[in-house]
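Written below as structure tokens is the structure these notes are about.
Number of protein chains: 2
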Amino acid sequence: MAGTVYFALTMSLDGFVAPDSHAAGVRAMDSFKVPEKYQDDAEVQHWRSQWGELHQGTFPLRFFRENLKLGEGGDEGRDNDRARETFERTGASVMGRRMFDLGELSWPEEAPFHTPVFVVTHTEREPWERPGGTTFHFVTTGIESALDQARKAAGDRDVRIAGGGTTVLQYLNAGLVDEFSITLSPVLFGAGIRLFEGVDASRIALEPIRSEPSPHGPTHLTYAVHAR
Amino acid sequence: MAGTVYFALTMSLDGFVAPDSHAAGVRAMDSFKVPEKYQDDAEVQHWRSQWGELHQGTFPLRFFRENLKLGEGGDEGRDNDRARETFERTGASVMGRRMFDLGELSWPEEAPFHTPVFVVTHTEREPWERPGGTTFHFVTTGIESALDQARKAAGDRDVRIAGGGTTVLQYLNAGLVDEFSITLSPVLFGAGIRLFEGVDASRIALEPIRSEPSPHGPTHLTYAVHAR
Chain C
-16 MAGTVYFALT MSLDGFVAPD SHAAGVRAMD SFKVPEKYQD DAEVQHWRSQ WGELHQGTFP
44 LRFFRENLKL GEGGDEGRDN DRARETFERT GASVMGRRMF DLGELSWPEE APFHTPVFVV
104 THTEREPWER PGGTTFHFVT TGIESALDQA RKAAGDRDVR IAGGGTTVLQ YLNAGLVDEF
164 SITLSPVLFG AGIRLFEGVD ASRIALEPIR SEPSPHGPTH LTYAVHAR
Chain A
-16 MAGTVYFALT MSLDGFVAPD SHAAGVRAMD SFKVPEKYQD DAEVQHWRSQ WGELHQGTFP
44 LRFFRENLKL GEGGDEGRDN DRARETFERT GASVMGRRMF DLGELSWPEE APFHTPVFVV
104 THTEREPWER PGGTTFHFVT TGIESALDQA RKAAGDRDVR IAGGGTTVLQ YLNAGLVDEF
164 SITLSPVLFG AGIRLFEGVD ASRIALEPIR SEPSPHGPTH LTYAVHAR
């Protein structure tokens, strides 16, 4: 379906899409580049450890490794194909400012989107063009405006609400998401950013589209979203 | 694996195993027998509606209908077989007092367990024997004592921690659960009893065992529990 607005996130079995503490996340992302600066920071180690467990099915994939410039090789097969398909269907992405903050610290110079990305923020900033086709546009006029711009930029392809959890939920509650995929990871977090915290359940009906287990342990669940 | 301690619950995609308000649940269960008494009780209607959506994959099953005396017929196939297998593996159950309260109002006279059931409670009560082989034993000496008694009663078969969510979590956090199954229902609750609220995530590692989609929409996920 061309022009679908979707999100695809990895969630712990108890419903979290990120460890607690955005501040620790910022330091954790920085620590991928300058690990010696953070080696005694227990909060950073904990954040990295939880993040690593959550995404244990993604990090080994060949497509992910290539796109994030993590090195040659990696796992192939259905999970890798799914990661590539998710990338290829996406003509533009929308993300919140906090996700951008983490990514700015950790993405390679050739940012992994290779399309326009619209960052919902309160702070004006000139478009930031990266090698390889990613341009970040900073939108201060709200989530609907960011989505409109992303739709136009995406053409026939789909728009991904990339994250983080809070931004995704804003779009879901506003009735602006057509479909979503959850990679349900076999871990318990106990605390963190809950994807569906504050969801307007009375307005949202889900239609199961696909459910696929993966050899890495997570289960991939896809739902269409309907109003009710 | 004989002697396994397990639980099997149905959970909403956002992590809830029951609607909010135990008091509304008690009235809702009573309303199955005397609907006219509750027809203007909006909280009861809401509770029943959420409960019905959560268990949409279970209510139509032939085994479930027969065991709960809901009438002849019903769906057969893999989901029905799974429900029967879950019943057959279970030599004894343990449940919390609040689950018992709901069940006492809604189970048929021939209660659906057909084995000993140990109710963890603060209130002494004589064993309550039902036709068809279910006897409820009221245990006031704590969760470990209830489990010990259930293990002995189960013989070679497994012990099911039947529910509710709070009791299940007590057993999980105490390291007393070997395995669990979640029927992940394609609904969002937004509020209610969260299964993993307060889970001791730092001590629990999960090993994915099975993931099976079902034609009714839910996905059945089974995990082994390991200490870490």
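As they're listed, the protein sequences go chains C and A. Under this note's numbering, the first sequence has 40 at position 57, and the numbering climbs by one with no breaks. Under this note's numbering, the second sequence has 84 at position 101, and the numbering climbs by one with no breaks. The beta carbon of each residue, even a glycine, is placed where N, CA and C say it ideally should be. Note that the structure is a prediction, hence the values are computed from the model and not measured.
Exposed or buried, what is residue i when buried is set at 16 or more other beta-carbons lying within 10 Å of its beta-carbon?
{"i": "residue 15 of chain A", "result": "exposed"}
{"i": "residue -3 of chain C", "result": "buried"}
{"i": "residue 120 of chain C", "result": "buried"}
{"i": "residue 133 of chain C", "result": "buried"}
{"i": "residue 25 of chain A", "result": "exposed"}
{"i": "residue 79 of chain C", "result": "buried"}
{"i": "residue 61 of chain A", "result": "exposed"}
{"i": "residue 236 of chain A", "result": "There is no way to answer for residue 236 of chain A, as the model of chain A reaches only from -16 to 211."}
{"i": "residue 191 of chain C", "result": "buried"}
{"i": "residue -16 of chain C", "result": "In this predicted model, residue -16 of chain C has a pLDDT of only 45, less than 50, meaning its place in the structure is not dependable; the value taken from the coordinates is given anyway. Residue -16 of chain C comes out exposed."}
{"i": "residue 193 of chain A", "result": "exposed"}
{"i": "residue 22 of chain A", "result": "exposed"}
{"i": "residue 27 of chain C", "result": "buried"}
{"i": "residue 148 of chain C", "result": "buried"}
{"i": "residue 6 of chain C", "result": "exposed"}
{"i": "residue 18 of chain A", "result": "exposed"}
Can you pull the DSSP bridge partners for residue i?
{"i": "residue 152 of chain A", "result": "In DSSP, residue 152 of chain A forms no bridge with anything."}
{"i": "residue 18 of chain A", "result": "DSSP lists no partner for residue 18 of chain A."}
{"i": "residue 112 of chain A", "result": "A:118"}
{"i": "residue 195 of chain A", "result": "A:203"}
{"i": "residue 167 of chain C", "result": "C:-6, C:202"}
{"i": "residue 79 of chain A", "result": "A:103"}
{"i": "residue 177 of chain C", "result": "C:-1"}
{"i": "residue 141 of chain C", "result": "C:73"}
{"i": "residue 190 of chain A", "result": "A:207"}
{"i": "residue 212 of chain A", "result": "The shown model of chain A, from -16 to 211, leaves out residue 212 of chain A, and the question about it has no answer."}
{"i": "residue 162 of chain A", "result": "A:-11, A:207"}
{"i": "residue 58 of chain A", "result": "A:44"}
Please return the same chain residues whose Cβ sits closer than 8 Å to the Cβ of residue i, not counting the five positions on each side in sequence.
{"i": "residue 45 of chain A", "result": "56, 57, 58, 59, 63"}
{"i": "residue 126 of chain C", "result": "77, 103, 150, 153, 154, 157, 159"}
{"i": "residue 209 of chain A", "result": "187, 188, 189, 190"}
{"i": "residue 43 of chain C", "result": "57, 58, 199"}
{"i": "residue 35 of chain A", "result": "42"}
With distances taken from CA atoms, which of the options is nearest residue i?
{"i": "residue 180 of chain A", "options": "A:203, A:155, A:164", "result": "A:155"}
{"i": "residue -9 of chain A", "options": "A:18, A:91, A:114, A:142", "result": "A:142"}
{"i": "residue 48 of chain A", "options": "A:66, A:187, A:37", "result": "A:66"}
{"i": "residue 182 of chain C", "options": "A:173, A:84, A:113, A:50", "result": "A:173"}
{"i": "residue 0 of chain A", "options": "A:170, A:139, A:205, A:210", "result": "A:170"}
{"i": "residue 39 of chain A", "options": "A:8, A:-6, A:9, A:87", "result": "A:-6"}
{"i": "residue 130 of chain A", "options": "A:161, A:206, A:185, A:18", "result": "A:161"}
{"i": "residue -13 of chain C", "options": "C:105, C:42, C:82, C:69", "result": "C:69"}
{"i": "residue 92 of chain C", "options": "C:51, C:71, C:83", "result": "C:51"}
{"i": "residue 275 of chain C", "options": "C:90, C:128, C:105", "result": "Outside the shown range of chain C (-16 to 211) lies residue 275 of chain C, about which nothing can therefore be said."}
{"i": "residue 105 of chain C", "options": "C:97, C:81, C:88", "result": "C:81"}
{"i": "residue 176 of chain A", "options": "A:19, A:-11, A:33, A:18", "result": "A:33"}
{"i": "residue 4 of chain C", "options": "C:87, C:205, C:18, C:29", "result": "C:29"}
{"i": "residue 2 of chain A", "options": "A:178, A:20, A:97, A:197", "result": "A:178"}
Since I believe residue j is in contact with residue i (beta carbons under 8 Å), could you give me their beta-carbon distance rounded to a whole number of angstroms?
{"i": "residue 37 of chain A", "j": "residue 168 of chain A", "result": "5 Å"}
{"i": "residue 123 of chain C", "j": "residue 107 of chain C", "result": "6 Å"}
{"i": "residue 164 of chain A", "j": "residue 203 of chain A", "result": "6 Å"}
{"i": "residue 146 of chain C", "j": "residue 74 of chain C", "result": "That pair is no contact at about 17 Å."}
{"i": "residue 99 of chain C", "j": "residue 136 of chain C", "result": "4 Å"}
{"i": "residue 140 of chain A", "j": "residue 72 of chain A", "result": "6 Å"}
What does a CB cutoff of less than 6 Å around residue i pick up in its chain, not counting 5 residues either side in sequence?
{"i": "residue 113 of chain C", "result": "94"}
{"i": "residue 166 of chain C", "result": "-7, 201, 203"}
{"i": "residue 207 of chain A", "result": "162, 190, 192"}
{"i": "residue 144 of chain C", "result": "-10, 77, 151, 154"}
{"i": "residue 101 of chain C", "result": "77, 120, 122, 129, 132, 133"}
{"i": "residue 88 of chain C", "result": "12, 13"}
{"i": "residue 195 of chain C", "result": "203"}
{"i": "residue 83 of chain A", "result": "102"}
{"i": "residue 41 of chain A", "result": "47"}
{"i": "residue 20 of chain C", "result": "none"}
{"i": "residue 205 of chain C", "result": "164, 192, 193"}
{"i": "residue 97 of chain A", "result": "115, 116, 117"}
With a CB to CB cut of under 7 Å and the five nearest residues on each side skipped, what residues in its chain are close to residue i?
{"i": "residue 85 of chain C", "result": "8, 9, 12"}
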